[in-house]
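Q: Below is one structure. I have some questions about it.
This is the structure in structure tokens:
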């Protein structure tokens, strides 16, 4: 009898486990069968903490309704993702909605692979006036909203407020001129006994383009591509020369430190700023989180500088937009639009800014408790959004809709490096113009443009 009991008990346990497993499996199958929601495949390039924040947005959308289910899939870097998008279009593996970075906007428009989000905006009678005009303008062509801005940043000027207070230096104004920054940089360098370099400007084509935008100057003709495909670039213009002369002036004064170009340069200048080796630098507003979390000093933020004697025109955004693929059925495209619309809700955008440092694009987000609490804790976090809101969108500060921008930026950076190393400004810009225009002409011929 005892022996029988010993056999029965393990058998009952095994049967119990099998029963639970079968029950769970049946429920899973039933759940899948009952989930008839339309699947929306979403390709993105957000990694690390930003991916966690993005997953939160996707999860919120999926829980907010029962018709669609967004499935996010990471695709690597921006450049890698663009190639995948172009290569898979028209196949079963292509995404319904995808994230594409700012300088690929012209490529996306010209590809013919997307359905302008304007189509759904019109059908839905969606009020886009609440969405930051400066951000929308970048992804708009001839008044048609092509993609919808999503992760959006602004180039801003960061300064070490603690060091300025320590040495009794007046901080730069909200919208500083070149000479305003030179004054602060030189004073900081001298009063620190040359222990702290006053400023740096990374060798980065995006920053050079922002200097042109803020001085109301186009890089390419046809209004930087907003009224027609660009056929010529003019980098060697008075405003570019003035910007580079400003940098050269500070290099000669000794208050400037050159960290070079590339990802390592960006990391090194941030490290230099946090360790009091340099007091001022210009970078994306998306860096705020890192600069506040790892900074023992008080962080100061102000607008991107503008030329002396000229009012700031405003700068273009950075980041990426969400686009809808036109190779999917209408119901899937509609689901992609619904997800985009959800991502722009005030509370979603507010949480997105808090989690990532990217700017909340819905004006009503500023009324949310999330951002009010954030600004109370970190007042400087409000500055980039104010810069975006105060700039009136025009063809100069709405981005450059031109193909081949990756190579263009590389050539811009070669010119900047030449100038930083003492080379002739005019010659460096002429060489860049020649190479950029040759590439532009080749690209236009390949795409059938005159």
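Residue numbers (our numbering): 277 to 726. All residues carry an ideal CB built from backbone N, CA and C; glycine is no exception. Note that the coordinates shown come from a computational prediction; the quantities given were computed from them, not determined experimentally.
1. How many whole angstroms separate the CB atoms of residue 577 and residue 432, which I take to be in contact at a CB cut-off of 8 Å?
2. Could you check if residue 304 is buried or exposed, using at least 16 other CB atoms within 10 Å of its CB as the buried criterion?
3. What separation, rounded to the nearest whole angstrom, lies between the Cα atoms of residue 451 and residue 582?
4. Would you kindly work out how many angstroms separate the C-alpha atoms of residue 410 and residue 354, rounded to a whole number?
5. Let me know the alpha helix (DSSP H) ranges lying completely inside the region 470-554, each 4 residues or longer, listed in chain order.
6. How far does the beta strand (DSSP E) with residue 583 in it extend, from its first residue to its last?
7. Can you check whether the CB of residue 326 is closer than 7 Å to the CB of residue 358?
8. Give a yes or no on contact between the region 398-407 and the region 662-673, applying the rule of three or more CB pairs nearer than 8 Å.
9. Three Cβ pairs or more, each shorter than 8 Å: is that satisfied between the region 356-373 and the region 583-590?
10. To the nearest angstrom, report how far apart residue 724 and residue 501 are at their CA atoms.
11. Give the DSSP bridge partners of residue 578, in chain order.
12. What is the residue span of the alpha helix (DSSP H) that residue 695 lies within?
13. Going by the CB atoms, is the gap between residue 675 and residue 337 shorter than 7 Å?
14. In this structure, what does DSSP give as the bridge partners for residue 600?
15. Going by the DSSP bridge assignment, what does residue 318 pair with across the sheet?
16. Under a Cβ-count criterion, where at least 16 other Cβ atoms within 10 Å of its own Cβ denotes burial, should residue 470 be classed as buried or exposed?
17. What separation, rounded to the nearest whole angstrom, lies between the Cα atoms of residue 309 and residue 435?
18. Identify the continuous alpha helix (DSSP H) that holds residue 609 and give its terminal residues.
A: On the basis of the supplied data:
1. Translated into positions along the chain shown, residue 577 becomes position 301. Translated into positions along the chain shown, residue 432 becomes position 156. Rounded, the Cβ-Cβ distance is 5 Å, consistent with contact.
2. Locating residue 304 in the chain shown gives position 28, counting from the first residue. Interpretation of residue 304 is limited by its pLDDT of 44, a score under 50 that renders its predicted location unreliable; the figure taken from the coordinates is listed afterwards. With fewer than 16 Cβ atoms within 10 Å of its Cβ, residue 304 is classed as exposed.
3. For the purposes of this step, residue 451 is taken as residue 175 along the chain shown, with counting starting at 1. For the purposes of this step, residue 582 is taken as residue 306 along the chain shown, with counting starting at 1. Residue 451 and residue 582: Cα-Cα distance of roughly 8 Å.
4. Residue mapping note: residue 410 aligns to position 134 of the chain shown, counting from 1. Residue mapping note: residue 354 aligns to position 78 of the chain shown, counting from 1. Roughly 22 Å between the two C-alpha positions.
5. Taking only runs of at least 4 residues, the alpha helix (DSSP H) segments lying wholly in the region 470-554 are 481-490, 497-500, 514-529 and 539-550.
6. Within the chain shown, the letter at position 307 stands for residue 583. Counting along the chain, no beta strand (DSSP E) covers residue 583, and no H or E run does either.
7. Position 82 of the chain shown, counted from the start, is the residue given in the question as residue 358. Position 50 of the chain shown, counted from the start, is the residue given in the question as residue 326. Going by C-beta atoms, residue 358 is not nearer than 7 Å to residue 326.
8. Because the criterion of three Cβ pairs below 8 Å is not met, the region 398-407 and the region 662-673 do not touch.
9. Fewer than three pairs of CB atoms, one per stretch, sit closer than 8 Å, so the region 356-373 makes no contact with the region 583-590.
10. As a working mapping, residue 724 is identified with position 448 in the chain shown. As a working mapping, residue 501 is identified with position 225 in the chain shown. Looking at the two C-alpha atoms, the distance is approximately 16 Å.
11. Residue 578 sits at position 302 when you count from the first residue of the chain shown. According to DSSP, residue 578 bridges with 433.
12. The residue given as residue 695 occupies position 419 in the chain shown. Looking at the DSSP string, the run of the alpha helix (DSSP H) that includes residue 695 is 681-696.
13. Against the chain shown, residue 337 aligns to sequence position 61. Against the chain shown, residue 675 aligns to sequence position 399. Result no, Cβ atoms of residue 337 and residue 675 do not sit closer than 7 Å.
14. Here residue 600 refers to the residue found at position 324 when the chain shown is read from its first residue. Paired residues: 373 and 391.
15. Translated into positions along the chain shown, residue 318 becomes position 42. Bridge partners of residue 318 according to DSSP: 348 and 373.
16. As a working mapping, residue 470 is identified with position 194 in the chain shown. The residue is exposed, with fewer than 16 neighbouring Cβ atoms inside 10 Å.
17. Here the question's residue 309 lines up with position 33 in the chain shown. Here the question's residue 435 lines up with position 159 in the chain shown. Any reading at residue 309 needs caution, since the residue's pLDDT is 39, under 50, leaving its predicted position unreliable; the model's value is listed next. Their Cα atoms are separated by approximately 57 Å.
18. Looking up residue 609 in the chain shown gives position 333. Looking at the DSSP string, the run of the alpha helix (DSSP H) that includes residue 609 is 606-619.
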